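Sequence lines, in order, name chains G and C. Position 119, counted from 1, in the first sequence is what the numbering used here calls 119; the numbers after and before it change by one each time, with no gaps. Position 384, counted from 1, in the second sequence is what the numbering used here calls 1384; the numbers after and before it change by one each time, with no gaps. Note that the Cβ used here is the ideal one computed from N, Cα and C, for glycine as well. Quick caveat, the model's predicted, so the values are computed rather than measured.
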Amino acid sequence: MTIQIVALVGFMLLISWLISNTIQNLETLGKGVDLWFLFETSSYDINQKLIEYTSRSTHLRAAFVGLINTLIVAVLGCITATVLGILIGILRLSNNWIVAKIMTCWVELFRNVPVLLWIVFTMAILIESLPRPASFRGENPESSLLFWDSIAITNRGTYLPEPLFSNGLGDISIFGIFEVSLDLVAFLIVLFACIFVSNILKKRADKTQQNTGHRPRVWPYRIAIIVIPPIVLLYILGFYLGKPELKGFNFQGGIYLRNSLIALWLALSFYTSAFIAEIVRAGILAVSKGQTEASYSLGLRPSLTMNLIILPQALRVIIPPLISQFLNLTKNSSLAISVGYMDITGTLGGITLNQTGRELESILLLMLVFLGISLGISAVMNWYNSTVKIKER
Amino acid sequence: MSDSSFVRTEMLKSEAPPTMEGSVLGWIRNNLFSGPWNSLLTIVFGLLIVYVLAEMLPWVFLSSWTATSLRECREIIPLTYGEGTTGACWAVIRERYLQLFYGFYPRELYWRVNLTFVLMLVALAPILFPNLPRQLLYFSGVYPFLGYWLLWGGTIWTPTLTLAGLIVGYLLFNFLSEKRGLLIGVIVGTLLIIFWFLFGVIPITVFLSENVTPLAIEIVESEQFGGFTLSVIIGATGIAASLPIGILLALGRKSDLLIVKSLCVGFIEFIRGVPLITLLFVASTLLNYFLPPGTNFDIILRVVIMVTLFASAYMAEVIRGGLAALPKGQYEAGDALGLDYWKSMRLIVLPQALKISIPGIVSTFIGLFKDTTLVSIIGLLDPIGLSKAIRSDTAWNGIVWELYAFVAAVFFIFCFAMSRYSIYLEKKLETGHR
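The structure is reproduced here in structure tokens:
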């Protein structure tokens, strides 16, 4: 008990000492602590924004734009890293010597070199070695667009074709904060409805199979249900692809992925994939060989063995460390500042901080945001983990 | 019973081994072409390797080591190796490798950095390899102060007095904790050390250097540190300091004391929830707010403090894993032997728990060492910061692969060596509980 009280008193003393120092220092500098600066005009531009933002918007909105940019790269990175990581982890266990060795090289190469180096390296490669937009010009250009003139990869960024609707439904504004395309909403609603219906079909088929031992042939209907209605919807909305075109010194139109986004995305997902590969490998190795043998002796094929026996057991080992890799990737995305990608570290912790001189508030807010993201990701993934956990009696 | 038994009188000649077993051909067949799918993979990946090597090797070897700028490189290489060759311009490494290793440390004082590094290996040796004489550990204890003095220079009195203060504090703690109990020992010892730092070290240093002898070597400012020297300084200090703090935090998190436990949990989760870069921002902009007005201490020290805090939270989680993996019987055995908490931790629990967590500890070390590159974002000139500077130099503007490949290779060697050491240690300490 005494130890507890001493620890508490010591902690209180430390905190009050820090706070009193801070107050004194702020007084000498003539600064207060408040958050009103967030509502002042930001007067700087952000080069990648998904919601409306101009240099006359507030610092708060700038931080929000940055937050969205952070989330974009984090989500993209997590998806790519997981796919790559699972692939590499499984291939590393392959019987094929050459494949296993190459995958080992990949893992060792990426995880033994700092992620920041990968990010700036990728960025430098993109800028220095990709063709300039000007080289697409002329009768006999040095470079050409990929995939039927629809994707332009240049040293200023990559231009993808953009989905457009000739008789679209327009946008809807949510609370006046940001705008969402109604076409996208309609498409997603129809798609999810179709998936839902097709799942009902699947459940019925499962039931019939369990009752009669005979599975009705439903998969053509299921595919038809998922594919046809969205296509019809797209046709009604007048869907077409807006291709990027070279105008002036640069490409216009299409979806523009900045090099900073691509560099960050690639570097983060390659780096994290090395760690995920190791996790996947360890997870698969953790399932004892007896399980495979038992499954073979029950007459299951190798693919079914993997899907029904090995993976469900391996997932339980894989998911907890996978969560922390996702968290790491999200936290590492704050290195965006080194390639000029305007994530929340670049807006709130960078330009806003420098313009307003509110170091204390900006950095504490930045930390709070990251804490929130981290806690959110762990909550979601822990929920998923509890759904795949062993249900013990 | 008919007599049909037959006993062979001479040995049969041994059969030749199956052609596919144990031969190169058999190995190739088993490992590369065991089925159509495998054969396809082998061919695809084999072609990939051939392609990469065919692109890379000429680039690496048809290179220039002597040019003084990138443009000159691009002129020399086609002249030497024939038209159309695009080789590497390793000249940038030749010209700048000293800078990449030592930063802007004065050239005539490089021996001090080298000596510190060699002494670091000596100080590490008894920790890494347990069969060396134990007396070397005393040197490991003195080393941080010696290393500080060698790197930053100045009078030797400051580190000596600091060390003396720590030793006296420790002795007092030992004495008091036997006579008056642990708590009193810790409080008095800590207070004495803090008091000594605040009021003792600097006046006595000034007094000694003015009246006795300065015993000083040339001072090197923190701004002159850079390159891999800086990475190793930050990394090694962070590693050394985070392990004990991490152990304390882990013990705190596992303990039954509610307040201690919640303080530790709060600290660990907070640090693990934020990116290191925000902590480095704290180091570069906020730390001066938190300290008494007028304190303005060294940027490297500030960074080291934040990096240490960061690493110790991760370390605490790794060690907590080790503590949790230990069977409960071990804790109970310690209690049954009548040991108090600290003795049972020190003699029974921690040696086993640390052993289990070695892989995690080493990977935290590797992570920390890689994370030292983040200091380039707050403007310190570590290898990445220097690369940026070199790339913006007009002579080397546009150089990418050579420079980054070199930096990456050096980091790779450090980190790969560490991970191999961890595997070695794991095998060595595996006393076979399975």
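Test item: CB-CB of residue i and residue j under 8 Å
i	j	result
G/I432	G/S338	A question about residue 432 of chain G goes unanswered here, because the residues of chain G that appear run from 1 up to 393.
C/V961	C/A1283	The displayed coordinates of chain C run from 1001 to 1434. Any statement about residue 961 of chain C would go beyond what the structure contains.
C/V1407	C/S1387	yes
G/N69	G/M342	yes
G/A336	G/G346	yes
G/L434	G/V33	The structure shown does not extend to residue 434 of chain G, since chain G spans only 1 to 393, so no value can be given for it.
C/T1205	C/L1161	yes
G/I226	G/I195	yes
G/K49	G/V73	no
G/I450	G/V388	With chain G represented from 1 up to 393, any question about residue 450 of chain G goes unanswered, as that position is not in the structure.
C/T1285	C/S1209	no
G/I276	G/Q325	yes
G/T58	G/L38	yes
C/L1380	C/I1271	no
G/L257	G/L329	no
G/L268	G/S333	yes
G/L241	G/P163	yes
C/L1311	C/T1364	Here the sequence assigns Ala to residue 1311 of chain C, which means Leu is not the residue at that position. In contact: C/A1311 and C/T1364 (Cβ atoms closer than 8 Å).
C/G1185	C/L1176	yes
C/D1382	C/L1230	yes
Beta carbon proximity, residue i to chain D, threshold 8 Å
i	result
G/F370	Here chain D cannot be found, since the structure's protein chains are G and C.
Chain C contact for residue i (CB, 8 Å cutoff)
i	result
G/T104	no
G/A7	yes
G/E108	yes
G/I88	no
G/N21	yes
G/N259	no
G/F326	no
G/S374	yes
G/N69	no
G/N95	yes
Start-to-end residues for the beta strand (DSSP E) that takes in residue i
i	result
C/N1031	Looking at the DSSP string, C/N1031 is not in any beta strand (DSSP E); the run it does join, the alpha helix (DSSP H), is V1024 to L1032.
C/A1067	That residue, C/A1067, is in no beta strand (DSSP E); it is neither H nor E in DSSP.
C-beta neighbour in chain G for residue i, strict 8 Å
i	result
C/R1434	Here the model assigns C/R1434 a pLDDT of 46, short of 50, so the residue's position is not dependable, and the following value carries that caveat. Not closer than 8 Å to any Cβ of chain G, the Cβ of C/R1434 fails to qualify, so no.
C/V1232	no
C/V1122	no
C/V1265	no
C/F1310	no
C/F1281	yes
C/I1025	Reading off the sequence shown, one finds Leu at residue 1025 of chain C, where the question assumed Ile. No, no contact with chain G.
C/F1197	no
C/V1260	yes
C/V1407	yes
C/E1289	The sequence given here places Tyr at residue 1289 of chain C; Glu does not occur at that position. True, the Cβ-Cβ gap to chain G drops below 8 Å.
C/K1179	no
Environment of residue i [buried if 16+ CB atoms lie within 10 Å]
i	result
C/M1120	buried
C/S1005	exposed
G/H214	exposed
G/F165	buried
C/E975	Any question about residue 975 of chain C goes unanswered here, given that chain C covers just 1001 to 1434.
G/E278	buried
G/N259	buried
C/K1370	buried
G/K243	buried
G/G10	exposed
G/F370	buried
G/N25	buried
G/A124	buried
G/L14	exposed
C/I1202	exposed
Bounding residues of the alpha helix (DSSP H) (the contiguous stretch that carries residue i)
i	result
G/A193	L182 to T212
G/R258	Counting along the chain, G/R258 falls outside any alpha helix (DSSP H), though it belongs to the beta strand (DSSP E) covering I255 to R258.
G/L164	Where G/L164 is concerned, there is no enclosing alpha helix (DSSP H), although the beta strand (DSSP E) it sits in stretches over E162 to F165.
C/Y1097	A1091 to Y1102
Enumerate, from N- to C-terminal direction, the unbroken beta strand (DSSP E) stretches of 3 or more residues contained entirely within the stretch 297-361 of chain G. none
Can you list, in chain order, the stretches of the alpha helix (DSSP H) that have 4 or more residues and sit fully within the stretch 1346-1421 of chain C? 1350-1356, 1358-1371 and 1383-1391
To test your reading of the DSSP string, which unbroken alpha helix (DSSP H) runs of 4 or more residues are found completely within the stretch 1202-1265 of chain C? 1227-1254
Pick out the complete beta strand (DSSP E) segments inside the stretch 1118-1149 of chain C, 3 residues or longer, and give them in chain order. none
Could you name each continuous alpha helix (DSSP H) segment of 4 residues or more that falls completely within the stretch 67-127 of chain G, going from the start of the chain to the end? 97-111
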